[in-house]
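Protein chains in written order, with our numbering: chain P, 426 to 732; chain U, 43 to 565. Built from N, CA and C at the ideal position, the CB exists for glycine as well. Fair warning: this is a prediction, and the values are worked out from it, not measured in the lab. Worksheet: the structure to be examined is printed underneath.
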């Protein structure tokens, strides 16, 4: 019988009236058992009337739709959906360099399958932060840096031979992220937003959300925001010319233009010397990124079950 | 024995049985003229004890009142602004604290609770600015829903330890003046401005008193039942303040009933604008990730969730989690909370570690009270000085034992770099903290406590309902205030003479008191 159904309510009301009538009927008398019957009658009337009132309230508010909800027996929830700890293709290779990586992070050339068709001037370079080697269950946000082939520090880009000087010191002081450096004169949007994330997810423990793009002399970042807004949250354009503000529907995704003069657009703009622009971009992006996290629970959890 | 304990429940039941037995025994024993008096009293006692037992059962389900002083109608007293009262320390090192939210924008001042993660007071924690989740209870409800019923401290500790959630501060503000009036977290027309209080004032108070991020990327809001409605509504109305919103068994259409009163005074447009379902179908949708959860046998909530999910469109991101059964109860919320906090962690910016401790920020206090909460010139309570421990005991009326009062760390740190300065902005260190003689500090603290007590008398100026009465108007003001405070002898004299009584004041200079009334004299 449903807790919110009419039959139970009618039954309870009838039982209340019956208890009341019975109590009155058996009230008089001086037999030895009369006090007992009177006490039982009073308690039964109280309980039934309160129960009926509770049913009326519960029927109108639908707080407890079932007996199991009333007695809190609904916690036999399905097991929580937990994604297993990631095992990626580079785990073994990185594990062999864990001592070195845990100290300063690791910079290496990345040669995924099909990289030849990405229209890159050189193989991508990846920086893995030190925390990657200690937080072995965490998935890390990614910052993709795109620069023209010949751009150097004077254009706001980096010197390929001194890339260690560009990467942030990702110790406990800042929020770590995986950095991917790309050199191309013709950024391919499909590669940037689909192919590269797919390959990177297979090779490293990367988060599904909270990525950023830093474009040197190009507006690849804004393009990525538009194509995959769930994955790419932030974009930085390092350029000497003002860039158009992103469309309104992307306004929630923070953008940063690092330029020579403020152009008056809605995005955040920073004026900096060319050689300081890339570190400034990293500094800004790191403030926005989510933390590296283990795979989340995506289902209900039995609060009484040992975890 | 608090009113939400098993002991209180058993005592009430035993009392009801004893009274029933006594009634049965005494009914024919008393045959003189006062027999009817005795019988009538016995019946009344039977009814009272039965209702009492039922009320305690309901209270145990909802944890509305955790002390008997709250049952008696005494409002919880917040610590002095800038100080936090530690309610509970969990084994992991996390803490539940009580603090004050002075509402300079809304004119509302209420106590609030907060969860501080493990390591908050560690050397690294002192340089960290944490993301914040604001959690709103349902109606009727208090922060006890989260802290006592749902054991949210344990849930958060577990998720943080598992690495599924970054350390965060979770804030539990009050969203109603009492347990009989539902504010719906909106700025009522000519009434209390809880929208402003829960957004601007709470954020200002939390940023001032705790080391938290102050930017949108670091703030989320969630709630259960009515609190779920509040969370989604406030986040949609203030997308510049919140990066994500979560609703547990919430609804998405504004309601008005006998508990809310006439919040909108017939302004249907305003009512629509406070309905997330209407907003999502008629107004541009903010880029806001939203987490919605409900039990499928909670028919009303499930229908609302389906309607909202169907109406939502990009750039709003809607994630749903439907539990098979459980109704509209805390059992469902207990199951969903871990997933909800994991979801929040994925959308909020990480804790930010600064090279030096954060800057000293001025704590907002009651300035001139703005529209919606006029200064209430109710005289202050008697000026007899209370022992210092009295305030601590009163603080405990909100919940549990108050173990420790400490100064907000933000006050202890002299200067530093803020959590979200733009890269090209020059960071200006705050002024050096003023050295105040100890005796003067003690005196000032006492005066703040008196101010606090007086402010608690200022309740509202919404249309009077049961229990509220008209208060004397302020000098130079023709507008009317309403209060639920009890009258003292002084206030009765003032009442009868038609002028406000002279209030105690924290200053002898006659400046404006926190209630906005010009005050003179000292206690």
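Cβ of residue 371 (chain U) less than 8 angstroms from any chain P Cβ?
Closer than 8 angstroms: yes.
By a C-beta neighbour count over all protein chains shown, 10 Å radius and 16 as the cutoff for buried, is residue 52 (chain U) buried or exposed?
Exposed is the call here.
Taking only beta carbons into account, state which residues of the region 75 to 100 of chain U come closer than 7 angstroms to chain P, listed in chain order.
If the cut-off is 7 angstroms between Cβ atoms, the region 75 to 100 of chain U has 88, 92 and 96 near chain P.
Given that a residue counts as buried once 16 or more other Cβ atoms are within 10 Å of its Cβ, and exposed if not, what is residue 167 (chain U)?
The residue in question, residue 167 (chain U), is buried, as its Cβ has 16 or more Cβ neighbours within 10 Å.
Taking DSSP's pairing of strands, which residues face residue 98 (chain U) in a bridge?
None, per the DSSP bridge assignment.
Could you give the C-beta distance for residue 29 (chain U) and residue 139 (chain U), rounded to a whole number, given that I count them as a contact under 8 angstroms?
Because chain U in this structure spans residues 43 to 565, residue 29 (chain U) falls outside the shown range and cannot be described.
Run the CB neighbour count on residue 461 (chain P), radius 10 Å, all protein chains shown included, and call it buried at 16 or more, exposed below.
Exposed, since its Cβ has fewer than 16 Cβ neighbours within 10 Å.
When the distance is taken between beta carbons, is residue 651 (chain P) closer than 8 angstroms to residue 637 (chain P)?
No.
Could you check whether residue 215 (chain U) and residue 158 (chain U) sit closer than 8 angstroms to each other, using their CB atoms as the reference points?
No, these two residues do not count as a Cβ contact at 8 angstroms.
Enumerate in chain order the residues of its own chain whose CB-to-CB distance from residue 432 (chain P) is below 8 angstroms, with the five nearest sequence positions on each side excluded.
Correct list, in chain order: 426.
Residue 69 (chain U) CB to nearest chain P CB: under 8 angstroms?
With 8 angstroms as the cut-off, residue 69 (chain U) counts as an interface residue toward chain P.
Pop quiz: residue 231 (chain U) and residue 276 (chain U) are said to be a contact at Cβ under 8 angstroms. What is the actual Cβ separation, rounded to whole angstroms?
Rounded, the Cβ-Cβ distance is 18 angstroms, inconsistent with contact.
Between residue 98 (chain U) and residue 160 (chain U), is the Cβ-Cβ spacing less than 8 angstroms?
Taking 8 angstroms as the Cβ cut-off, residue 98 (chain U) and residue 160 (chain U) do not qualify as a contacting pair.
Report the CB separation of residue 213 (chain U) from residue 177 (chain U) in whole angstroms; it is logged as a contact under 8 angstroms.
With 8 angstroms as the limit, residue 213 (chain U) and residue 177 (chain U) qualify as a contact, their Cβ atoms being about 7 angstroms apart.
Give the single residue among P:517, P:556, P:549 and P:514 whose Cα lies nearest to the Cα of residue 528 (chain P).
Taking only the C-alpha atoms, the option nearest residue 528 (chain P) is P:556.
Could you compute how far the alpha carbon of residue 300 (chain U) sits from the alpha carbon of residue 286 (chain U)?
So the alpha carbons of these two residues sit roughly 31 angstroms apart.
In chain order, what are the residue ranges of uninterrupted beta strand (DSSP E) at least 3 long that sit wholly in the region 280 to 361 of chain U?
Listed in chain order, they are 286 to 290 and 331 to 337.
Can you list, in chain order, the residues of its chain whose CB lies under 8 angstroms from that of residue 470 (chain P), leaving out five sequence neighbours each side?
Result list for residue 470 (chain P): 441, 444, 445 and 448, in chain order.
Do you know how far the Cα of residue 438 (chain P) is from the Cα of residue 465 (chain P)?
Roughly 18 angstroms separates the two Cα atoms.
In chain P, what lies closer than 7 angstroms to residue 65 (chain U) by C-beta?
The contacting residues are 467.
Per DSSP, what kind of secondary structure is residue 76 (chain U) in: helix, strand or coil?
DSSP places residue 76 (chain U) in coil when its eight states are reduced to three.
Within the continuous alpha helix (DSSP H) that includes residue 528 (chain P), where are the two ends?
Taken as a continuous stretch (DSSP letters only), the alpha helix (DSSP H) holding residue 528 (chain P) covers 523 to 529.
When the cut-off is 8 angstroms and only beta carbons count, does residue 488 (chain P) lie next to chain U?
Yes, residue 488 (chain P) counts as interfacial toward chain U.
Tell me whether the beta-carbon of residue 262 (chain U) lies closer than 8 angstroms to the beta-carbon of residue 390 (chain U).
Yes, Cβ-Cβ distance for residue 262 (chain U) and residue 390 (chain U) is below 8 angstroms.
Could you tell me the alpha carbon to alpha carbon distance between residue 77 (chain U) and residue 226 (chain U), rounded to whole angstroms?
Their Cα atoms are separated by approximately 50 angstroms.
Answer yes if the region 533 to 544 of chain P comes into contact with the region 184 to 204 of chain U, meaning at least three C-beta pairs across the two stretches below 8 angstroms, and no otherwise.
Segments in contact, no.
Could you tell me which of U:395, U:371 and U:386 sits nearest to residue 493 (chain P), measuring between CA atoms?
Of U:395, U:371 and U:386, the residue nearest in Cα terms is U:371.
Using beta-carbon positions only, say whether residue 566 (chain P) and residue 632 (chain P) come within less than 8 angstroms of one another.
Yes, these two residues count as a Cβ contact at 8 angstroms.
When the cut-off is 8 angstroms and only beta carbons count, does residue 618 (chain P) lie next to chain U?
Chain U, which has no Cβ nearer than 8 angstroms to the Cβ of residue 618 (chain P), makes this no.
Using the DSSP secondary-structure output, state which residues sit across from residue 603 (chain P) in a beta bridge.
Partner(s): P:567.
With distance defined between alpha-carbon atoms, name the residue in U:110, U:82 and U:243 nearest to residue 50 (chain U).
When only C-alpha atoms are compared, the closest one is U:110.
Along chain P, which residues have their Cβ under 8 angstroms away from the Cβ of residue 341 (chain U)?
Going along chain P in sequence order, the residues near residue 341 (chain U) (Cβ under 8 angstroms) are 487 and 490.
With three or more C-beta pairs closer than 8 angstroms as the rule, is the region 320 to 331 of chain U touching the region 365 to 381 of chain U?
Result no; under three Cβ-Cβ pairs closer than 8 angstroms.
What number of angstroms, rounded off, separates the C-alpha of residue 429 (chain P) from the C-alpha of residue 473 (chain P)?
Approximately 16 angstroms, taken between the alpha carbons.
Return helix, strand or coil for residue 222 (chain U), following the three-state DSSP convention.
Coil.
Which residue from U:62, U:379, U:283 and U:96 puts its Cα closest to that of residue 459 (chain P)?
Answer by Cα proximity: U:62.
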